Structures are given as C-alpha cells and as structure tokens.
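There are 2 protein chains.
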Amino acid sequence: MADFFSTVSESTVRNRSMVCVGLDPAMAKIPERFRSAEHPFFEFNRMIIDATRDLVCCYKPQAAFYAGEGLDKDLAMTIDYIHGSAPGIPVILDVKRGDIGSTAEQYAREAFERYGADAVTVNPYMGFDALKPFLDHADKGVIILCRTSNPHSGDLQNLVCDGRPLYQHVAELARDRWNYNHNAALVVGATYPEELALLRKMCPAMPFLVPGVGAQGGDVEAVVRNGAIGRGGLMINSSRGIIYAADPRAAAEKLRSTIETCLE
Amino acid sequence: MADFFSTVSESTVRNRSMVCVGLDPAMAKIPERFRSAEHPFFEFNRMIIDATRDLVCCYKPQAAFYAGEGLDKDLAMTIDYIHGSAPGIPVILDVKRGDIGSTAEQYAREAFERYGADAVTVNPYMGFDALKPFLDHADKGVIILCRTSNPHSGDLQNLVCDGRPLYQHVAELARDRWNYNHNAALVVGATYPEELALLRKMCPAMPFLVPGVGAQGGDVEAVVRNGAIGRGGLMINSSRGIIYAADPRAAAEKLRSTIETCLE
C-alpha cells in the first residue's frame with residue numbers, strides 16, 4: 603500500500619466517499635447471533651465491512667472496545683480482513699496514544715507492526731518526542747487530537763495562550779513542526795463547525811478526521827462546507843449511526859449521499 | 603484492599619519507602635534466561651517483585667511494553683502476582699488514557715476489571731468527561747499527566763494561558779474540579795524540580811507520581827525536598843535503574859535510602 607494519505611485520497615475518489623466507518627462494537631449492542639461466536643466482534647465487523655467496503659474511504663476501529671473485552675485478537679483479525687477483502691481501504695487504529703519516546707516506540711510497534719494499522723490517533727499533551735516515533739513512519743498516518751468532539755473538550759483546548767486557544771497552537775505545531783514527513787493530520791470534532799472552519803484556514807492542505815456526526819449531534823453539512831478540500835480532505839467518522847443501523851449499508855449510503863449533496 | 607491512596611500511605615510507612623518500581627521489560631534487555639520462557643515478562647517481573655516487595659510503596663507496569671510484544675497475558679499475570687505475593691502493595695497501570703466518555707468507560711473497565719489495577723495514569727487533553735469514568739471509581743487512583751518528564755513536554759505544557767503555564771491549569775482543575783472522590787493525583791517529572799515545588803504549593807495534599815529519576819537524569823534530593831508531604835506524598839518511579847541493575851534489590855534499597863537521607 604502507498605502512504606496513508608495517498609491511499610485515502612484514492613479511496614475517496616474511487617468510492618466517491620469521505621465516510622469513515624467506526625468499528626466500535628459493544629457486546630450488549632451487537633445482534634445476539636454474534637455474541638456466542640468464538641470471535642464475536644470480528645464476525646460482527648465482517649458483516650459491516652462486507653456491507654460497506656465500496657462506500658467508505660477508510661475504517662477506524664476504536665481500540666478501547668476490544669481492550670475492554672479482552673478481544674485484541676478480534677481487532678487484529680478485523681484489520682487483516684479489511685486489508686484482504688477491501689484492498690486500498692486503509693485502517694486508522696484509534697488509540698489516542700501519547701507517552702515518552704521509548705514508550706511511544708512500543709506503541710508505534712503495537713499499532714503498525716502487531717496490528718498492521720495504516721494510521722493511528724495520538725495525543726499531543728506530552729509534546730514532540732511523544733509523537734516522533736509515530737511521525738517517523740513516513741508511510742503511516744498520524745492523526746493528532748486538536749479540537750475534540752466531546753462536551754468538556756474546552757477544559758484545556760479552549761484555554762487562551764498568547765491570544766489564541768490551545769487547540770490552535772496544536773494545529774500550528776502540527777503544520778509547522780511535526781509534519782516533516784507529510785503524514786500528520788488533525789482530529790477536529792463535527793460538534794464545533796466554526797472552529798473547524800478556522801482550522802481549515804490555518805491548515806489548508808491537512809486532512810481532518812472528523813468524529814461527532816450522528817450520535818454526538820454534529821451537523822454534516824456544516825462540516826463539509828467548512829472543512830472539505832475540493833471533494834476530499836475529510837474523513838467523516840460515524841460509528842453507532844452505521845454499525846447499529848437496521849441496514850448498515852443503507853446508513854452508510856445515506857451519509858455518503860448527504861456529504862455528496864453538500865459538495866454540489 | 604482499601605482505596606488506592608490510603609493503601610499507598612500505609613505501604614509508604616510500612617516499607618519506609620516512596621519507591622515505585624516501574625515494571626517495563628523489553629525483550630532485548632531482560633536476561634537471556636527469561637526470553638525462552640512461555641511468559642518471559644512475567645517471569646522477569648516475578649524475579650524483580652520477589653527481590654523488592656518489602657522496599658517499595660507501589661509498582662507501575664507500563665502497558666506499552668506488554669502491548670508492543672503482544673504479551674498482555676504477562677501483564678495480567680504480573681498484577682495478579684503482586685496482589686497475591688505482596689498484599690497491600692498497590693499497582694498503577696501506566697496507560698495514559700484519554701478519550702470521550704463512552705470510550706473512556708471501556709478503558710476504565712480494561713484497567714480496573716480486566717487487569718485489576720489499583721490506579722491508572724490518564725491524559726487531561728480531552729477534558730473532564732474523558733476522566734470521569736475513571737474518577738467515578740472512588741477506590742481507584744487516577745493519576746493525571748500534569749508536567750511530564752520528557753524533553754519536549756513544554757511544547758504544550760509550558761504555553762502561558764491567562765498568565766500561567768498550561769500545566770498549572772491542569773493542576774488547578776485536578777484540585778478544584780476533578781477530585782470530587784479524593785482519588786486524583788498528578789504526574790510531575792523529576793526533571794523539573796522547580797515546577798514540582800510550585801505544584802506542591804498549589805496542591806499541598808495531593809500525591810504526585812514522579813517519573814524521571816535514574817535514566818532520565820532527575821535529581822532525587824530536589825524531588826524529595828520540593829515534593830514530600832512529611833514522609834510521604836510522593837511515588838518516585840524508577841524503572842531501568844532498578845530492573846536492569848546487576849542487583850535489583852540493592853538498587854531499590856539504594857534509591858530508598860537516598861530518599862530517606864533527604865527526609866532527615
């Protein structure tokens with residue numbers, strides 16, 4: 603596979619889609635027929651992947667859901683299955699790591715070697731040396747938390763430092779100092795569309811991973827209008843809204859077509 | 603076991619120790635005789651635990667080292683072994699988690715139920731709702747990254763917001779808004795002893811986990827002088843300096859006695 607961002611650009615064009623499906627299964631929520639399987643989350647994900655692989659630009663499993671159940675094997679099988687059955691569709695492992703250099707190296711190994719992910723989410727609080735072991739993998743995407751979608755994200759991210767909120771400093775660091783391999787991107791929540799517009803102005807060429815549409819209430823139209831670069835530049839994540847829909851394919855199609863409409 | 607901080611206070615008194623041993627094994631560094639074992643990191647850790655359990659106030663396995671090798675089972679066995687063989691010595695699982703509420707709940711389950719840890723490290727960048735699922739466990743310790751020991755920790759942590767560096771805002775949030783169950787603590791690196799003194803003034807009753815002595819070059823004397831609350835209040839972590847010492851027991855004893863000397 604080529605580098606992560608080229609691959610996403612291509613899948614975005616090929617599938618006419620900026621949809622990222624979040625593979626975040628919970629035992630209490632997946633249909634009962636999967637629960638007794640030896641690999642319940644993998645079997646569930648396989649159903650979702652088979653239903654959506656021509657409608658998405660990427661997949662994003664959230665590591666917590668597998669770790670909480672001790673189903674790491676299901677996570678590995680899911681990533682392998684995507685690579686095997688949906689060639690050219692990359693996988694973002696959502697782990698939000700951040701630790702000192704020697705430890706971050708271990709986490710980079712976990713994400714890229716053990717699981718074979720194509721990109722990873724990371725937390726910027728500890729600074730550059732916590733990100734470098736990820737950024738050094740030029741072919742992998744490193745998606746840095748910037749302005750997150752959750753209700754209390756402003757506790758730190760909106761503190762005003764030298765005249766600008768902290769999250770803008772993160773964007774600037776990502777753009778000017780951390781993007782030496784052209785493999786950095788930002789996490790920007792759909793729940794803050796005006797800040798998304800501002801960040802797009804600051805970082806006109808940087809891909810954004812956008813969680814927070816669907817269950818969290820973000821407005822797809824505002825996200826696309828404020829964040830798209832031409833017909834790309836965004837990976838708009840929906841998890842619960844697609845994977846637990848009565849018809850996951852129809853739900854993914856609907857999100858894709860809502861996005862398309864906003865582009866016209 | 604009682605709540606985490608009572609347990610640490612008691613082990614600090616009982617073992618006359620503020621030493622936290624970091625159980626961070628790396629395959630290339632552990633003695634060769636362990637490498638071929640079915641559970642190499644567990645066997646190595648057992649040797650370290652047997653040699654040090656009367657000299658420490660707590661243990662801190664760094665999850666990355668196990669995850670990078672796919673040796674999660676060794677991590678679980680290590681925590682079980684500490685609880686069985688060193689009753690009253692709590693375990694901090696160093697994972698530096700931070701994610702939105704529903705995801706953080708999964709991580710809390712992982713740390714406290716799957717692994718049975720007594721405390722966990724967390725990242726504050728996403729704000730309160732990312733920490734709440736941990737803080738809600740009143741009997742567990744929640745140790746929040748504040749001023750970390752790594753070289754680029756100032757990239758964000760030293761940005762001046764409303765007249766004070768970001769890390770001081772984190773300390774204030776931890777003290778005034780996040781400590782509703784009296785189970786919050788801070789990570790404060792030994793490599794910044796003046797900032798440690800400042801944080802101790804801001805948070806006179808809050809325990810600090812202090813990484814960065816030993817391999818990272820922090821000064822034990824300055825840490826104790828600037829951070830101790832009486833004969834406690836600190837968990838001073840050493841990993842490589844103890845676990846890879848020719849005589850790990852002697853190395854732990856030496857650190858304990860250096861700390862004791864500073865208290866006199």
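Residue numbers (my numbering), protein chains in the order written: chain G, 603 to 866; chain C, 603 to 866.
From the three backbone atoms N, C-alpha and C, an ideal C-beta is built for every residue, glycine too.
Bear in mind the structure is a predicted one, so any value in this text is a computation, not a measurement.
- Residues of chain G with a Cβ closer than 7 Å to the Cβ of Val822 (chain C) do not exist; the shortest Cβ-Cβ separation is about 19 Å.
- Residue pairing of Arg749 (chain C) in beta bridges, as defined by DSSP: C:Val790.
- The closest CA to that of Met649 (chain C), considering only C:Lys856, C:Ala847, C:Arg858, is found on C:Ala847.
- The beta carbon of Pro767 (chain G) lies closer than 7 Å to those of Gln759, Asn760, Leu761 in the same chain, with the five residues before and after it left out.
- For Phe646 (chain G), the enclosing alpha helix (DSSP H) begins and ends at 642-654.
- With distances taken between CA atoms, Ala706 (chain G) lies nearest to G:Phe736 out of G:Val693, G:Asp720, G:Thr680, G:Phe736.
- Near chain G, meaning a CB-to-CB distance below 7 Å, the residues of the region 704-720 of chain C are Thr705, Gln708, Tyr709, Arg711, Glu712, Arg716.
- Here Gln770 (chain C) has Leu800, Leu801, Met804 as same chain residues with Cβ atoms under 8 Å from its own Cβ, once five neighbours each way along the sequence are excluded.
- Ser840 (chain G) has G:Val623 as its beta-bridge partners, per DSSP.
- Residues of chain G with a Cβ closer than 8 Å to the Cβ of Leu798 (chain C) do not exist; the shortest Cβ-Cβ separation is about 17 Å.
- A Cβ of chain G is located within less than 8 Å of the beta carbon of Tyr727 (chain C).
- For Ile684 (chain G), same chain residues with a beta-carbon under 7 Å away, outside a window of 5 residues either side, are Ile651, Tyr661, Ile691, Val693 in chain order.
- Neighbours of Cys763 (chain C) in chain G, taken as residues at a C-beta separation under 8 Å, are given in chain order as Leu761, Val762, Cys763, Leu768.
- Taking 8 Å as the cut-off, the Cβ atoms of Ser841 (chain G) and Gly791 (chain G) do not count as close.
- In the DSSP annotation of this structure, the continuous segment of the alpha helix (DSSP H) that includes Pro795 (chain G) starts and ends at 795-804.
- Under the criterion of beta carbons closer than 8 Å, Asn725 (chain G) and Gly700 (chain C) qualify as touching, at roughly 6 Å.
- Separation of Gly816 (chain C) and Tyr668 (chain G) (C-alpha to C-alpha, rounded to the nearest whole angstrom) is 35 Å.
- Assignment of Pro813 (chain G) by DSSP, reduced to helix, strand and coil, places it in the coil class.
- Between the alpha carbons of Gly624 (chain C) and Ser638 (chain G) lies a distance of about 38 Å.
- Excluding its 5 nearest sequence neighbours in each direction, Leu657 (chain C) has C-beta neighbours in its own chain below 8 Å: Asn617, Ser619, Val621, Arg851, Ala854, Glu855, Arg858, listed in chain order.
- For Ala776 (chain C), the three-state secondary structure derived from DSSP is helix.
- DSSP, reduced to helix, strand and coil, places Cys659 (chain G) outside both helices and strands of the structure shown, so it counts as coil.
- Contact between the region 815-832 of chain G and the region 770-788 of chain G is absent: fewer than 3 CB-CB pairs across the two stretches fall below 8 Å.
- Per DSSP, Ala721 (chain G) is not a residue of any alpha helix (DSSP H); the beta strand (DSSP E) it occupies stretches across 721-724.
- Under a 10 Å Cβ-count criterion, Val722 (chain G) is classified as buried, with 16 or more other Cβ atoms of the shown protein chains found around its own Cβ.
- Closer than 8 Å to the CB of Gly700 (chain G) there is at least one CB belonging to chain C.
- With a threshold of 8 Å between beta carbons, Asp778 (chain G) makes no contact with chain C.
- Assignment of Gly834 (chain C) by DSSP, reduced to helix, strand and coil, places it in the strand class.
- Counting the other CB atoms within 10 Å of its CB gives Arg749 (chain G) a total of 16 or more, which places it among the buried residues.
- Arg699 (chain G) sits in a strand when the DSSP states are folded into three classes.
- At least one C-beta of chain G is nearer than 8 Å to the C-beta of His771 (chain C).
- Within chain C, the residues whose beta carbon sits less than 8 Å from that of Asn752 (chain G) are Ile702, Gly703, Met728, Gly729, Asp731, Ala732, listed in sequence order.
- Look at the region 640-657 of chain G: it has no residue with a C-beta under 7 Å from a C-beta of chain C.
- Within the region 656-682 of chain C, Gln664, Ala666, Phe667, Ala669, Gly670, Gly672, Asp674 place their CB atoms closer than 7 Å to a CB of chain G, listed in sequence order.
- One thing to note: Ile702 (chain G) has its Cβ no nearer than 8 Å to the Cβ of Ala665 (chain G).
- Secondary structure of Arg766 (chain G) (DSSP, three-state): strand.
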